[in-house]
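In the UniProt record's numbering, the protein residues as written are 1 to 147. The beta carbon of each residue, even a glycine, is placed where N, CA and C say it ideally should be. See structure below.
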Ligand SMILES: CC(C)(COP(=O)(O)OP(=O)(O)OC[C@H]1O[C@@H](n2cnc3c(N)ncnc32)[C@H](O)[C@@H]1OP(=O)(O)O)[C@@H](O)C(=O)NCCC(=O)NCCS
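Set out below in structure tokens:
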């Protein structure tokens, strides 16, 4: 892997097929109906410039989806292909996304991580995030939306 020329840039819907394949190859990434082509396109277009891809040439090797709702920022799908881990790519993606969210006026960002994903929890803690013990997530599934 030495000598790879990695490019970090905004993730666009054109990368959907590669992104989905990457997420499917990464343990710890939960996929749902929100990850359809339409869902991801809508998310990226709603939050322009806040999602990033890491590229080794033509190959997408890392992703992060970022957005905000006008109040707090949210991060989804930080994923680095297993062959490319422990090279600083995940941290660079997180920093790029946080920089974009900060530029949008967001000063606090949340993310969801499976309780069983202790590796990712350690990663996030290592780069300064705090695991909240005071909050539980509640969800409600409604009738199908636009995507
Ligand atoms: C979590 C993940 C994105 C990390 O990507 P990565 O490119 O390997 O991470 P980096 O190389 O940028 O690591 C940055 C720092 O975190 C540390 N780190 C990385 N993984 C770690 C782990 N599992 N436990 C503890 N520290 C870790 C690195 O040693 C590095 O430390 P340093 O800056 O002091 O040298 C990657 O393991 C992954 O894709 N996991 C599967 C998908 C997933 O669970 N995503 C998170 C969903 S919430």
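Check whether residue i and residue j have beta carbons under 8 Å apart
i	j	result
residue 54	residue 8	yes
residue 64	residue 81	no
residue 96	residue 123	no
residue 29	residue 62	no
residue 113	residue 121	yes
residue 56	residue 98	no
residue 79	residue 23	yes
residue 127	residue 91	yes
Cβ-Cβ separation, residue j to residue i (assumed contact under 8 Å), whole Å
i	j	result
residue 73	residue 41	So it is not a contact: roughly 20 Å between Cβ atoms.
residue 147	residue 50	That belief does not hold up - the Cβ atoms of residue 147 and residue 50 are roughly 19 Å apart, past 8 Å.
residue 19	residue 31	That belief does not hold up - the Cβ atoms of residue 19 and residue 31 are roughly 11 Å apart, past 8 Å.
residue 100	residue 66	6 Å
Burial state of residue i (16 or more Cβ within 10 Å)
i	result
residue 35	buried
residue 135	exposed
residue 131	exposed
residue 60	buried
Selected residue, minimal CA-CA separation from residue i, among the options
i	options	result
residue 69	86, 94, 43, 91	43
residue 137	115, 83, 16, 21	115
residue 45	14, 93, 141	14
residue 94	86, 119, 75, 132	75
residue 84	25, 118, 104	25
residue 142	17, 27, 21, 33	33
residue 27	139, 118, 133, 87	118
residue 104	17, 47, 86, 21	47
8 Å Cβ cutoff, residue i in contact with chain D
i	result
residue 112	The chain labelled as chain D is not found in the depicted structure, where only one protein chain is given.
Going along the chain, which unbroken runs of the alpha helix (DSSP H) with 4 or more residues stay wholly within the region 2 to 48? 16 to 25, 37 to 46
Fully enclosed by the region 66 to 127, which alpha helix (DSSP H) runs are 4 residues long or longer? 89 to 103, 118 to 126
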